[in-house]
Amino acid sequence: MNHEHEPTVLISFCHFLLFLCGLLVSIAIYKFFEVPNNQIWPLTIGCILSIGLPVSFGLVRNKTLSKAFNELAGSSSKLGQGGYKSNKVALWIWTSLVLFTICGAIYERI
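Quick note: the sequence shown uses the numbering used here, first residue 1, plus one each step.
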């Protein structure tokens, strides 16, 4: 990533907190709504929020989805969580897993 477009530490920390909030929502749903162990929908909601919140934050800031993903990958790199390219690959894998859990939740309802 170009150093001119690298996000600040504050923006990187905001991305991390939004990602964490999405995952904590799924845990809270399991605890507060007493979901049976074999149901996948709380995990699906948490996964969608964990990728949706940081990307939508980047989308509001940058106006395009590709720039939002690039900023999210750059912010993970800025916080010392690996290189930029490896974070970009990890984001695409995480997004694929989110789509997989959505398919699992749909299959569970059928």
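From the three backbone atoms N, C-alpha and C, an ideal C-beta is built for every residue, glycine too.
Collapsed DSSP secondary structure at residue i in the structure displayed
i, result
"E4", "Note that E4 scores a pLDDT of 49, beneath 50, so its modelled location is shaky; the value from the coordinates is reported in the next line. E4 falls in the coil class under three-state DSSP."
"N34", "The sequence given here has Glu at residue 34, not Asn. Of the three classes helix, strand and coil, the one that applies to E34 here is coil, per DSSP."
"G74", "helix"
"L91", "helix"
"K63", "coil"
"L79", "coil"
"I40", "coil"
"I11", "helix"
"I110", "coil"
CB of residue i within 7 Å of CB of residue j, strictly
i, j, result
"L53", "S26", "no"
"N62", "S76", "no"
"I48", "G104", "no"
"A68", "V55", "yes"
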